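*Asks:* Numbering (the working numbering), first residue to last: 8 to 236.
Where a beta carbon is used, it is the ideal one built from N, C-alpha and C, also for glycine.
Keep in mind the model is a prediction, meaning the values are calculated, not measured.
Input: one structure, supplied below.
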Ligand code: SF4
Ligand code: SF4
């Protein structure tokens with residue numbers, strides 16, 4: 008196994024540097040038996056998470072906002088002795104998907120890298136970085152995103168590259184969730200791409216293609232990476 012890296016600046020830098028490779032690897036993983044990949048990921052997660060001390064990191068609480076349910080809001084409001092309305096005003100906002108999430112990052116409950124409401128923290132906090140769950144290959148955009156935030160995800164994804172013995176990164180195609188190769192020539196390019204700076208930029212090509220494929224049947228194409236020409 009490669010040397011374990013926990014330096015957060017280095018991981019952030021490698022997340023940007025390896026973005027295209029990571030998206031290509033995502034495409035390769037999609038072509039594999041998801042149950043086999045789950046077995047490998049669960050084993051790697053166990054080995055690697057034992058070597059990384061979350062209390063010295065806390066980066067997930069600093070770099071992203073967890074979702075929270077109404078029940079969890081109620082529990083935390085009771086604990087803090089304030090009304091749920093006041094709690095929502097102070098701590099919560101609604102994200103683009105309409106879910107309630109913590110409004111601030113670093114999270115306001117993080118003090119000296121420790122969660123002040125640890126026993127009552129939301130389920131999404133408990134579950135992070137979600138590598139114990141099944142169907143890893145159905146959540147790969149999230150994994151690639153977390154690769155630059157979480158040392159556990161970074162090291163698991165890198166070790167997975169070795170285990171899956173990828174020697175054809177750069178030559179692979181695109182694969183759907185059933186492992187069938189996608190012919191990108193048959194996927195219609197949305198009109199908005201023609202006025203986007205990133206269209207036909209080789210560095211953006213993989214992300215653009217995967218985005219177009221994932222939304223191929225949607226009535227409206229949405230792209231958060233859009234930059235007007
Ligand atoms: S509630 Fe606790 S575990 Fe969740 S993001 Fe905030 S500090 Fe982190
Ligand atoms: S789960 Fe990842 S990002 Fe969060 S504290 Fe642990 S190593 Fe750091």
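1) I'd like to confirm something about residue 29: is its beta-carbon nearer than 7 Å to some heavy atom of ligand 3, or not?
2) May I ask which residues mark the beginning and end of the beta strand (DSSP E) holding residue 9?
3) Roughly how many angstroms lie between the CA atoms of residue 217 and residue 73, to the nearest whole one?
4) Need the endpoints of the alpha helix (DSSP H) that residue 18 sits in, please.
5) CB-CB under 6 Å to residue 200, same chain, minus the five flanking residues each way: which ones, in chain order?
6) By DSSP's criteria, residue 101 is part of a beta bridge. Which residues make up the other side?
7) Only counting the same chain, and skipping five residues up and downstream in sequence, which positions put a Cβ closer than 7 Å to that of residue 101?
8) Across the region 13-23 and the region 55-70, are there enough close Cβ pairs to call them in contact, namely three or more that are closer than 8 Å?
9) By Cβ distance below 7 Å, which residues in the same chain neighbour residue 33 in space, the five residues on each side in sequence not counted?
10) Rounded to whole angstroms, how far is the Cβ of residue 214 from the Cβ of residue 30, which I believe are closer than 8 Å?
11) In three-state terms, what does DSSP make of residue 61?
12) Could you pull the DSSP bridge partners for residue 121 from this structure?
13) Residue 124 to residue 83, Cα distance in whole Å?
*Replies:* The structure says:
1) Here the bound small molecules are ligand 1 and ligand 2; ligand 3 is not part of this structure.
2) Where residue 9 is concerned, there is no enclosing beta strand (DSSP E), given that its DSSP letter is neither H nor E.
3) 25 Å
4) 15-24
5) 206
6) 107
7) 107
8) yes
9) 147, 151
10) 6 Å
11) helix
12) 118
13) 8 Å
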